[in-house]
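The numbering used here numbers the first residue of the sequence shown as 36 and each following residue consecutively.
C-beta: ideal position from N, C-alpha, C; glycine also.
Remember, predicted model here, so these are calculated numbers, not experimental data.
This report concerns only the one structure given below.
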Amino acid sequence: MSIGPIQRLGDLSGGQPILPFVRDVLRNAGRRGLLGFGLHVVGAVGEGVALLLLVPILAAVGGASRDVEFVPLYDNPDVVTSSSEPLVAILVLFVALVAGQSLLARWRHVVLADVVTRYASALRLRLASSVAEARWSAIVPLHQTDVTHALAGEVDRVTAAAHGVLAVIQVAVLLLAYLAVALTISVPMTLLGLVIGAAALVAVAPARRRARRLVDDVTRMHRRRNRVIGDFVGGLKLAKMLLAEPAFVADLTSALRSMEAEDHTRTSVAGWGAVAFQTICALAFAAFALAAMTATPIGLPAFVALLVVASRAVPRIREARLALQAIQDDLPAHEALTRLADTLDRAVEPKAEAQTPAKRPLALRRAVALDGVSYRHPDGGALSDVSLTLPCGSLTAIVGASGSGKSTIADIFAGLLEVEFGSVRVDGHALTHATRREWRGLVAAVPQDSTFINASIAQNMRLAAPTADDAAIWRALTDAGAARFVAPLKDGLQTLMGDGGTRFTGSERQRLALARALLRRPQLLVLDEPSNALDDESEARLVRTIAGLKGTTTILMITQRPPLISIADRIVRLGNGTVLAIETSASQGGARPGQTKARSQSTEASVEPLPPSREWVDISRP
36 MSIGPIQRLG DLSGGQPILP FVRDVLRNAG RRGLLGFGLH VVGAVGEGVA
86 LLLLVPILAA VGGASRDVEF VPLYDNPDVV TSSSEPLVAI LVLFVALVAG
136 QSLLARWRHV VLADVVTRYA SALRLRLASS VAEARWSAIV PLHQTDVTHA
186 LAGEVDRVTA AAHGVLAVIQ VAVLLLAYLA VALTISVPMT LLGLVIGAAA
236 LVAVAPARRR ARRLVDDVTR MHRRRNRVIG DFVGGLKLAK MLLAEPAFVA
286 DLTSALRSME AEDHTRTSVA GWGAVAFQTI CALAFAAFAL AAMTATPIGL
336 PAFVALLVVA SRAVPRIREA RLALQAIQDD LPAHEALTRL ADTLDRAVEP
386 KAEAQTPAKR PLALRRAVAL DGVSYRHPDG GALSDVSLTL PCGSLTAIVG
436 ASGSGKSTIA DIFAGLLEVE FGSVRVDGHA LTHATRREWR GLVAAVPQDS
486 TFINASIAQN MRLAAPTADD AAIWRALTDA GAARFVAPLK DGLQTLMGDG
536 GTRFTGSERQ RLALARALLR RPQLLVLDEP SNALDDESEA RLVRTIAGLK
586 GTTTILMITQ RPPLISIADR IVRLGNGTVL AIETSASQGG ARPGQTKARS
636 QSTEASVEPL PPSREWVDIS RP
């Protein structure tokens, strides 16, 4: 997928893609950008004419007669006399030009603000689309706070750089207008001003080069700060339980102190550049005044007009310098977004194939199986030659130590991860790049920590089935045992769940998550530690609910809890990324030949004993 505004097109000095970034901003500005530019050009012309009018105004007020002969536009004795009529006309024109320029400036400001806002929205939406469309295997290695920081902080920095680009363009147009005015008044004095300005730029160049070397550290420090803040907020409860608040605060303090040092150094370097610039401006004024009195006498009105032009130009030059500095500081954020986008773009998941009369839709009627599957995570965790079959309508429990591969197997069965070797087969048909997404549409999952948005129960339910009506939602809630606490609510399905579903208890959230999964009418239901953090009573109710689903859908359940293991048709024990043993429940006739297998003697010896309780839970109990 094309990421649009954050494509990498080339680099400039300092290793930062300045020109491509400018190109991206201008391309995304579109017609609104052209309108803003046109308004600015018209405004700059109006401001230039208003500045030129200062010469005859000053000449008329001061009673000069021929001081402005070098300005052909005003080579008219009637204009430069002290007569009030021409002066009034000029003043009216001057006021009209200034007022019109102010109105255009306001219009331009609104237009360009819209341009930058839309650019920021485009960045976020396109990057969010890349995250959403990337394969799960490409998303897993990313740090969650890095993605959050990219979508929030980094985009804000790129937006600031876009503001800088537009500011530089506006200043360039104004400076061209000022240059035209100055050349009209006096060519020699204008050339002198250009020489002095070039000297000022040369003087501040060392400070700019040093500042450029510091900008990459800014991005790195911002990323570290956001990670530490994320860990601090996310681990606050744990910190209080462990009395480890000082350690969390110390980590945050260290990150903030490092940022303070970096900001201090960068500000100090920029400050020296400002000192050099201001000093040269003062020297320029002295040289300018001396030249006006001796080398090229131009008269007081023209000299004052040139000073006004210079007084308008110098702040603009400083504004452009600060804008360029801001672009330089924030450009690494654009590079970071580009790298993230490139990573995700290389991992775009293929779309599901369109259904045709000749193509049968994917469906689970007999079994879904892993056939000699191997998979390796970037962090080193792996599965090795795993073969496992889930018969249609069965409930299979996966047990094993942490890191044994339970979640990886579940993700592969769910179609989230693409296997490196072997295959995933649905009724004997191997999943392909094109059919994996289609298969995922037939799967539902209930993770350990289910996600809920701050919206109504109905809206959260319809995340799984957008077209589901209220009746279907109530059926799913009933099947999951959630209807009993939703029905008494005053607003019913329209009850707001709060951030993360905080309106409900942990047990209730688990049941709502199960209801959402069932609303999809999945052919495979994946449950990851479904009784996580539940008390015994809540767990018993959940066990009865899951047991009641047996036979209606194929269930794969990751658990270590004996009550949940007891209702499974089969128990698959994992260790070190391999299947150590497969056992069937007593009600299924015990372990059948071939149902229990060991990879080696050492592996067989490492098989942990099954929980002593193998009795079925009586689901008829209230």
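Distance from the CA atom of T373 to the CA atom of A185, rounded to whole angstroms, is 10 Å. Distance from the CA atom of D380 to the CA atom of P176, rounded to whole angstroms, is 15 Å. Closest in alpha carbon position to L554, among R576, L86, G65 and A506, is A506. By a beta-carbon distance limit of 8 Å, L559 contacts L399. Their separation comes to about 6 Å. With fewer than 16 other beta carbons inside 10 angstroms of its own, H468 counts as exposed.
DSSP lists V403 as the bridge partner or partners of L425. Taking a 10 Å sphere around the C-beta of Q363, we find 16 or more other C-beta atoms and assign the residue as buried.
Here the region 82–92 makes contact with the region 200–217; the two share three or more CB pairs at distances below 8 Å. Counting C-beta pairs closer than 8 Å gives three or more between the region 561–568 and the region 469–486, which meets the contact rule. Between F56 and H464, the C-beta gap is not smaller than 8 Å, which leaves the two residues out of contact. Contact between the region 541–549 and the region 596–611 is absent: fewer than 3 CB-CB pairs across the two stretches fall below 8 Å. For R159 against V190, the beta-carbon gap comes to about 5 Å, under 8 Å, which counts as contact.
In this structure L318 is exposed. Its beta-carbon is surrounded by fewer than 16 other beta-carbon atoms within 10 angstroms.
The three-state secondary structure of M532, taken from DSSP, is coil. Within the same chain, Cβ atoms closer than 8 Å to the Cβ of V339 are found at L89 and L93, the five residues on either side in sequence being excluded. For S573, the enclosing alpha helix (DSSP H) begins and ends at D571 to L584. Just measuring C-alpha positions, the residue of F487, G457, S221 and G450 sitting nearest R471 is G450.
D514 and A550 have their C-alpha atoms roughly 7 Å apart. Shortest Cα-Cα distance from V151 to any of L126, T194 and V203 involves T194. Sequence-distant Cβ neighbours of K585 in its own chain, meaning closer than 6 Å and more than five residues away, are L430. Separation of the CB atoms of N489 and L531 is rounded to 7 Å, and the pair is thereby assigned contact status at 8 Å. Spatial neighbours of V421 in its own chain (CB-CB distance under 8 Å, excluding positions within 5 residues in sequence) are listed in chain order as L405, G407, V408, S409, G440, I444, G457, G612, T613 and V614. Secondary structure at D286: helix, using DSSP grouped into helix, strand and coil.
Contact annotation: I204 and A322 have beta-carbon atoms that are not nearer than 8 Å. The beta carbon of D446 is closer than 6 Å to those of L452 in its chain, skipping five residues each way along the sequence. Judged by DSSP secondary structure, I508 falls within the alpha helix (DSSP H) whose first and last residues are D505 to D514. For H464, the beta-bridge partners assigned by DSSP are V461.
Sequence-distant partners of R411 (beyond 5 residues in either direction) whose C-beta falls short of 6 Å from its own C-beta, in its chain, are A417. Under the DSSP definition of a beta bridge, M592 partners with A432 and L562. By the neighbour-count criterion, in which 16 or more other beta carbons inside 10 Å mark a residue as buried, V461 falls on the buried side. Between T594 and V434, the C-beta spacing is below 8 Å. Taken through DSSP and simplified to helix, strand or coil, R471 comes out as helix. In the DSSP assignment, V383 is bridged to A169.
Comparing C-alpha distances from S601 to each of E297, T589 and A575 shows the shortest one belongs to A575.
Around L375, the same chain offers A185 as residues with beta carbons nearer than 6 Å, after the five sequence neighbours per side are excluded. Distance from A432 to L599 at the Cβ level is roughly 7 Å; contact confirmed, criterion being Cβ atoms closer than 8 Å.
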